[in-house]
Structure formats: structure tokens, C-alpha cells
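What follows is a set of notes on a single structure, which appears directly below.
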Amino acid sequence: MMPDALYRVSIHCAAADRAVAADLVLPAAMTVSQLLPSIVDAVGATADVPRNWYLAPAGGAPLDESMTLAQNDVRDGDVLILSGRVPVAPRSYGLIHALTVEAPQPAAPPALRTVGGLWACAVGMVAVLCADGVARMIVAAVLAAVITASACAAPRLALPDPVGVSLRILAVVSLAVLGFVAVPADPGPANVFLSAAAAASLGVVMVRTIGGPIEILYAVVAFAVVVAIVAGFAVLLGLAVQAFGAFLGALGMAALSLSARMSIAVAKLTPGEVSAADDVDALAARGHRVLFGLVAGSSAAAALGAVLVAIGARASVTFAAVAFDAAVGAALLLRGGSYASGWCRTMLSGTGFCALTAMFALVVAWAPAQGNWAGVLAVAGGLAVLGPGTVTSAALGRAADTVEYAALAAVAPLACWLAGVLDMVRGFGM
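Residue numbers for the sequence shown, in my numbering: 24 to 453.
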């Protein structure tokens, strides 16, 4: 065969928008890579993205582009398929390439900005609380006005939900700080009462007037209402820290027991307020959010009461203080199994562990020589929680329910014991 011989071949393009066939006369001595551009133009194969074109016999492997048609064993009259594939970027397994590809984005995550802003504002609020003189009340009033105005303007400014929620929390906290410093006397129950009442009032107003996520606001309102009620009685009765904590823990547990019914009423899920035209899914979602807020606020108040009992009893630990913290912690921890919401279970577990931590601190302060055994029990409990297995025994479930009911039943008598109600009744000769 002469080097300048010509081959008549039939080219079928499989990569075109429609089936295209062309009979071409190609020199046998030219390499496939030299022929491909002319073949693509002759067939009219175009694509929106660059392609690597190749020739292949019907049902065969692609031709070697560095060889001629004759060297690829192509004969006169053969049928060749023109196909194209999208080029793939070459992969590099070098360390520098891997580090460059996996490098994090230069922009900071939005959550970091939110946490940083909240932390800076919290530091500022603490500084205002620790300041002296009349100027701190003026500063607190200005801060409360500015932050509240910003929180109210957040929906009109189309700020993201995390920013809007952060501003609302800061507004409630700033008004609580203003209420605390507005009382001219030394820090006491009166300061706490005015602070909690102001926070609860602003929280209710924001829940009613501003849209967006409501869980945290309901939690703040529930927490502030419980604290305000106990602080009001503390102002009238002159309660000590231990008695204040006992009443706070008991009222928090009572509010937690009523949270489900209150969430139905607050979310307007009663039969008389729900019509057939309402979006049932939206109403149910709102009810879940309200429930979580009430559970979070009530359980946080109960846990704070347990911590205050531990603080008040640290100098002279009594059995009543240890038993109260144990009852509150066990009731909170075991109550989590009654909720289907993971957020509710998480909140109850966290507050329950907080109360149990206060109980362990009291146990160690009560009997320092036996503190090592308390530590062993705490570590054993932690390892049991971290274990891979779960216990689903019906008997253990009934036992847990029994312990929960016993702990709930013991909270109120222990609170009365710590607050001195039993001594008062004994003094009356009753």
C-alpha cells in the first residue's frame, strides 16, 4: 500500500444533537490526531462544552491518536464512530495540592460572629452591674433603649434570624440589668424582683409583636416569671439564699409539670380556637416551639434553685439540702424520657446534671473524707452514660418512673423544710 493512499470511511457521530453520518476520504498516512479537527468540522459536531473527540470502530476500542489509520488497522470502507467525552481535570495527590483544596474558607462562620457579639455585650452588661454611682443607671437606661430599638427594627431591616434573636435576647437582658440597678438599696431580692419582672414584661411584648423564632423568648419569659414570683415573696418574707433557692426549685418543677397544658393554651391549640381553614402543620410546629421554650425556662429555674440551695448551705450542709438537690436533679433527668422532642430531652438532661452537680458538691462539702467515693460514683455514672448499649427493660422503665414520681413528691416537703416552714408550723403548735 502506498503511503499517500486514500481511504473511504463512513463517520458516524454519536455525540451530536442528532444522528449524523458522513462519507469521507481520508489519507491513510496521517495520524488520527491530525485528522480529528477536520473530521469534527466535516461532520458538524458541536457542543456547548469542550470535548475530547476520538475515533473508534463500531464496538471497538478508541484508535491510537499517535498512529495513522493504516497503523490502527483501518481499511478502506470501514465504519468509524466519532464520540466526545468531557475532559476531566487531572488529579494530583501531592501534599501541597491536598492542603490547598481542603483549606477552609477565609470568611469566619456566621455563628462565630454571633457568639462574639453576645459575649462582648455580656461583658459590657456585667461591667455596668459592677459599677458604682448614679451614672450606671443612666448608662443602663441608654443601653436598654438602644438595644430594644435595634431589636424592634430587626424585622424591617431584614436581618438574619440569628442576629434578630440575639438582639431580642440582648434587649431583654439589658432591661433586666436596668431593673436591677434601678433599686437604690444594696443588691437583694428587690433588685432581683424588678429585674425579672422587667425582663418578663419585655419578653411578652416581643413575643406578641415581633415574628421569627420564639423558643428562646418563651424560655426567657418562663424563667423570668418564675424568678419574679419567688423574688416577690422573698421581698415580703425576707428569705435567705437557701430558702430562696428551695422555693425557686419547687416552683420551677411545678411550672415544668404544667408546661404541656400551658403550651396548648399559649399556642392556641384548643378545639375552640382551631378552625378547618388553619394550617394544622404550622400550628403544631408553633406548639412544639412554645413547649420547648416553657420546658427550657422552667427547668432552668429549677436547676438555678438547686444551685442556690448549694450556695446557701455550703457553710453548714444539711441532709435536707442534699436531698433537695438530689430530688430536683433526678426529677429533671428522668422527666426527659416523657418528651418526644430531642430539644426538650437535651434541655432537661442538661439542667438535671446541673442540679446533680450541685448535690455532689454538697456531699463532698458535707463529708470530705468520703469525697473519693462520690467521685467514683460520678465517674461510674458518666461511663455508663457513654456506653454503647441502651437498656430497654420494662422493669427498669417502671423503676425509673417510680423514682421520678418519688423525687417529684419529695421536692415540695424538702423545700418547706429548707425554708423553715416546718419550724414555723411547729412553733405555732400545729
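Heads up, the beta-carbon is just placed ideally off N, CA and C, and yes, glycines get one too.
Per the DSSP secondary-structure output, residue 34 pairs in a beta bridge with 45 and 103.
Between residue 178 and residue 233, the beta carbon gap of about 6 Å places them in contact (Cβ cut-off 8 Å). In the three-state scheme derived from DSSP, where H, G and I count as helix and E and B as strand, residue 77 is classed as strand.
If you compare the alpha carbons of 381, 341 and 206 with that of residue 443, the shortest gap goes to 341. Non-local beta-carbon contacts of residue 28 in its own chain, meaning distances under 6 Å to residues more than five positions away in sequence, involve 51 in chain order.
Within the region 281-367, the complete alpha helix (DSSP H) segments at least 4 residues long are 282-289, 303-335 and 342-358, listed from N- to C-terminus.
Judged by DSSP secondary structure, residue 420 falls within the alpha helix (DSSP H) whose first and last residues are 417-442. Residue range 212-232 is occupied by the alpha helix (DSSP H) that includes residue 229. For the pair residue 275 and residue 221, the CB atoms are not nearer than the 8 Å cut-off. Between residue 203 and residue 152, the CB-CB gap stays under 8 Å. When only Cα atoms are considered, residue 107 and residue 76 end up about 4 Å apart. Here the alpha carbons of residue 406 and residue 245 stand approximately 34 Å from one another.
Excluding its 5 nearest sequence neighbours in each direction, residue 65 has C-beta neighbours in its own chain below 7 Å: 45 and 47, listed in chain order.
Taken through DSSP and simplified to helix, strand or coil, residue 262 comes out as coil. Following the DSSP letters along the chain, one finds residue 57 inside the alpha helix (DSSP H) bounded by residues 55-66.
The criterion of a C-beta distance shorter than 8 Å is not satisfied by residue 272 and residue 345. According to DSSP, residue pairing for residue 50 in a beta bridge involves 29. By the CB criterion at 8 Å, residue 49 and residue 63 fall outside the cutoff.
Ranking 376, 172 and 102 by CA distance to the CA of residue 190 puts 172 first.
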